[in-house]
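Novice: Residue numbers (the numbering used here), protein chains in the order written: chain A, 1 to 158; chain B, 1001 to 1456.
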Amino acid sequence: MEKKILIPIDFRVESLNTLKYALDDLKQEKSNIILMYSEYISDSITELLFYDPAKKIRELASSDFNDAIAIINNTHESSLHTIKIELFNGLNKNAFLNFYEAHAIDLIYLPKDYCLKPHKNGFDPTPLIKKSKVEYKEVAWASDLPTTNKDELTQLFK
Amino acid sequence: MSSIRKITILLIISISLILFFLGSSVYYFLSNYSYADFYKRLEVSVSVAEKRHFESNQKDAQVLKNIREEHLELLSDEKEYILYCPSETAIKQIAETNSIPINLLNLVYTQKFANFQKDDIFYYGKKRETPKGFYFVIVSAKNYYNSHHLILLRKVLLVGGFISILIIIYLTYLFSKRFFDPIDKIITKVNSISTDNIHLRLDDIKNTDEIKRLTTTFNNLLNRIEIAFETNKNFISNASHEFGTPLTAIIGEADVALLKDRTPVEYKEALQKILKQSERLNKISQSLLFLAQIGYKENKFNYSIIRTDELILQANEIMNQLIPKNNIKIDFELLPENPKKLKVMGNKDLLMLAITNILTNACKYSSNKPVIVSLASTNNEIVLIIKDQGIGIPESELPFIFDPFFRASNTAAYDGYGIGLPLSQNIIKIHKGELMINSVLHKGVTVQVKLPIAIL
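So this is what it looks like as structure tokens:
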């Protein structure tokens, strides 16, 4: 039975550590991953008319971020079935529960100490997920090693 | 200026041609239509006249006349002729008495009906045959529309076309000036930058078009040139310093030894010191030579397929011999499952040299604090990350760390002469890889090496 895992991200390499530790935690269990980025959807009707989630994801994902996903994918090639990035535009608990059911999520992993730093128009869905009374696990990683503020691939190596 | 002129002329020619075709087609089709329409009206008049004369009694003729007067617009200078012609020979005489062009009558005679134009008078004629002979029914009129409206239209088209060409000339000049002025400015500014004032940059432009991109490109180019200049200057001063220190030591030692007669033991000691410094000199010049060789021998190395994880393990063993107290930790947590994604094409000795150089630096400048070596691979590159917790590099000196003989300002307490990192970078470069260095002062340095995965 493949498990469907949901992980909130902020399109920064550091947030993918949640994925790294979640996969360690799952231990070779076959899994499908959904990386969820939350953002407020625009009010403008013209912007909505040309709204394209795939394009949005392409814009947000830096090359380092894509490299980091590729690294994790290569590391867990046998157990990891798919990794998909989805945008979540809901505002409240019910919207999140809808998303949760629509994607048939089995388990959510949240970062314990790391606070998601979303880009413009994005928001941190962690409080919403915690409020929704669905099953989640928290993972923590040490961030004591020197890091610059820049978003870069090295942040995956901790 | 020549491009402004070129664009202006090109635009003017093309737009004038378009305007010319548009105007002449409007004029041509409208005048064609007006002729056809006018002859149709003459034809109607002719058939009404014919009916009135030949096919109706007195009363009907009156009715027809009334209808015609009330409902059909009278054409300007409209004249109606009903001419009896007993035979063909009388045609000429009829024409002369009524001052009607003889050609028209001939045409009508042969074709039964015809239209004809003489000067600005238009004719339409029809032949009506009766038992007594035949009649010509002819209506003539002036084409008011043609003589007035079309002339007006022609004037409007000519004047309008001329004015719009003037406007186009002005606009194209304005637009091309707007486009080319910034380029002119850039050219003047770039021309004014020489080796003396290489620190000058082009002014930032607010908008986001190609001109802005051009300015940024120029500025980036100038940055790189400035760094190259700086590098050159640094290299000379650093190299003379590196060569100068042992030389001064040798000269000083020899001077002191020759000051007075010494015992053989003292001479031996002095010579040994001189030998040590000379060896150091030799090492520096050899490594410099090696650095230069890597630059131009690019294609002469033997390449083979190398597994990077093995390479790192072997480098670790070498490090254990070189610096026995080292604290290198190898982290293979993110190693890919597929070993094919760890293989690179390269020269093993060179890559080993590059990695051990980086590792030596990491151990040396962190005084054997833990150094973490991690290896991972994306879909087309292997990523090697070496993190230390050493003294770091001041941010202002980061652009120069790949210069030969350059040493950061905080490295005075550590032995070295600034060849290792440039050598490593050259090696990675000839393997088509990337060497990136990030640093936080006093906290450590992160070296990131990317090498393309071998295509098997």
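Even glycine gets a Cβ: it sits at the ideal position worked out from N, Cα and C.
Using a Cβ-Cβ cut-off of 8 Å, state whether B:Val1449 counts as contacting chain A.
Specialist: Chain A, which has no Cβ nearer than 8 Å to the Cβ of B:Val1449, makes this no.
Novice: For B:Gly1444, does the three-state DSSP call read helix, strand or coil?
Specialist: Correct three-state label for B:Gly1444: strand.
Novice: Does DSSP classify A:Tyr114 as helix, strand or coil?
Specialist: Three-state DSSP puts A:Tyr114 in coil, outside helix and strand.
Novice: Going by DSSP, what residue range makes up the beta strand (DSSP E) through B:Arg1128?
Specialist: Where B:Arg1128 is concerned, the enclosing beta strand (DSSP E) stretches over Ile1121 to Thr1130.
Novice: Only counting runs of 4 or more residues, tell me where the alpha helix (DSSP H) segments fall wholly within the stretch 1277-1340 of chain B, in order along the chain.
Specialist: For the stretch 1277-1340 of chain B, whole alpha helix (DSSP H) runs of length 4 or above, ordered along the chain, are 1308-1322.
Novice: Does the distance from the CB of B:Val1344 to the CB of B:Ile1385 come in under 8 Å?
Specialist: No, they are not a contact pair.
Novice: Determine the contact status of A:Cys115 and A:Asp124, defining contact as a CB-CB distance below 8 Å.
Specialist: Yes; because the gap between Cβ atoms is below 8 Å, this pair is in contact.
Novice: Considering B:His1241, what are the terminal residues of the alpha helix (DSSP H) in which it resides?
Specialist: Element bounds for B:His1241: Glu1210 to Leu1258.
Novice: Between the alpha carbons of B:Glu1055 and B:Phe1020, how many angstroms are there, rounded?
Specialist: Cα-Cα distance, rounded: 52 Å.
Novice: Select from B:Ser1024, B:Asn1361 and B:Ser1192 the residue whose C-alpha is nearest the C-alpha of B:Thr1446.
Specialist: Per the Cα distances, B:Asn1361.
Novice: In whole angstroms, what separates the C-alpha of B:Ala1254 from that of B:Pro1264?
Specialist: Answer to the nearest angstrom: the Cα atoms are 14 Å apart.
Novice: Closest to B:Lys1132 by C-alpha separation, out of B:Asn1232, B:Lys1065 and B:Leu1083, would be which residue?
Specialist: Checking every option, the nearest Cα to that of B:Lys1132 belongs to B:Leu1083.
Novice: For a quick check, are the C-beta atoms of B:Ile1198 and B:Ile1225 less than 8 Å apart?
Specialist: The answer is yes: Cβ separation under 8 Å.
Novice: Among residues of its own chain, excluding the 5 on either side of A:Leu87, which ones have a beta-carbon nearer than 6 Å to its beta-carbon?
Specialist: Cβ neighbours of A:Leu87 beyond the five flanking positions: Tyr37 and Pro53.
Novice: Once DSSP output is grouped into helix, strand and coil, what is the label at A:Pro146?
Specialist: Here the model assigns A:Pro146 a pLDDT of 48, short of 50, so the residue's position is not dependable, and the following value carries that caveat. Coil.
Novice: Assess contact between the stretch 87-103 of chain A and the stretch 125-134 of chain A, defined as three or more Cβ pairs (one per stretch) separated by less than 8 Å. Is contact present?
Specialist: Taking 8 Å as the limit for Cβ pairs, the verdict is that the stretch 125-134 of chain A does touch the stretch 87-103 of chain A.
Novice: Just the chain B side, please: which residues come within less than 9 Å of A:Ser132 by C-beta, in chain order?
Specialist: Correct list: empty, because the minimum Cβ distance to chain B is about 32 Å.
Novice: Taking Cβ-Cβ distances shorter than 8 Å, what residues in chain A pair up with B:Lys1341?
Specialist: Those are Asn74, listed as they occur along chain A.
Novice: Extract the residue ranges of the alpha helix (DSSP H) inside the stretch 68-119 of chain A, only unbroken runs of 4 or more that lie entirely within it.
Specialist: If we require 4 residues or more, the alpha helix (DSSP H) runs fully inside the stretch 68-119 of chain A come out as 93-102.
Novice: Would you say A:Thr82 lies against chain B (beta-carbon separation less than 8 Å)?
Specialist: Not closer than 8 Å to any Cβ of chain B, the Cβ of A:Thr82 fails to qualify, so no.
Novice: Where B:Glu1073 and B:Ile1102 are concerned, what is the direct C-alpha to C-alpha distance, given to the nearest angstrom?
Specialist: One C-alpha to the other measures close to 28 Å.
Novice: Tell me where the alpha helix (DSSP H) around B:Ala1095 begins and ends.
Specialist: Where B:Ala1095 is concerned, the enclosing alpha helix (DSSP H) stretches over Ile1091 to Asn1098.
Novice: Less than 8 Å separating the beta-carbons of B:Asp1388 and B:Lys1369?
Specialist: Against a cut-off of 8 Å, the Cβ pair of B:Lys1369 and B:Asp1388 comes out as a contact.
Novice: Mind listing which residues of the stretch 1334-1358 of chain B have their C-beta closer than 8 Å to chain A's C-betas, in chain order?
Specialist: Answer in chain order: Leu1334, Leu1335, Pro1336, Glu1337, Asn1338 and Lys1341.
Novice: Could you have a look at B:Asn1197 and say whether DSSP puts it in helix, strand or coil?
Specialist: B:Asn1197: coil per DSSP, three-state reduction.
Novice: Would you mind reading off the limits of the alpha helix (DSSP H) that contains B:Ala1454?
Specialist: Run containing B:Ala1454: none; DSSP gives neither H nor E here.
Novice: Could you check the C-alpha separation between B:Ala1049 and B:Gln1117 for me, to the nearest Å?
Specialist: Their backbone Cα atoms lie some 20 Å apart in a straight line.
Novice: B:Leu1451: which of B:Lys1443, B:Lys1432 and B:Asn1219 sits nearest, CA to CA?
Specialist: Residue B:Lys1432 is the option with its Cα nearest to B:Leu1451.
Novice: Leaving out five residues on either side along the sequence, give the residues of the same chain with a beta carbon under 8 Å from the beta carbon of A:Leu60.
Specialist: Hits under 8 Å: Phe11, Tyr37 and His119.
Novice: Are the CB atoms of B:Leu1435 and B:Gln1425 within a distance shorter than 8 Å?
Specialist: In contact: B:Gln1425 and B:Leu1435 (Cβ atoms closer than 8 Å).
Novice: According to DSSP, which residues form a beta bridge with B:Met1436?
Specialist: Paired residues: B:Gln1448.
Novice: If I'm right that A:Phe157 touches B:Leu1353 with Cβ under 8 Å, what's the distance once you round it to whole angstroms?
Specialist: With 8 Å as the limit, A:Phe157 and B:Leu1353 do not qualify as a contact, their Cβ atoms being about 23 Å apart.
Novice: Please classify B:Ile1151: does DSSP put it in a helix, a strand, or coil?
Specialist: Here B:Ile1151 sits in helix by DSSP.
Novice: Kindly indicate which three-state DSSP category B:Ser1024 falls into: helix, strand or coil?
Specialist: DSSP places B:Ser1024 in helix when its eight states are reduced to three.
Novice: State yes or no: is the beta carbon of A:Ala70 nearer than 8 Å to at least one beta carbon in chain B?
Specialist: Yes, because at least one Cβ of chain B sits closer than 8 Å to the Cβ of A:Ala70.
Novice: Suppose the cutoff is 6 Å on Cβ atoms and the five residues either side in sequence are ignored; what does the same chain contact list for A:Ile57 look like?
Specialist: Excluding sequence neighbours, A:Ile57 sits near Ile85.
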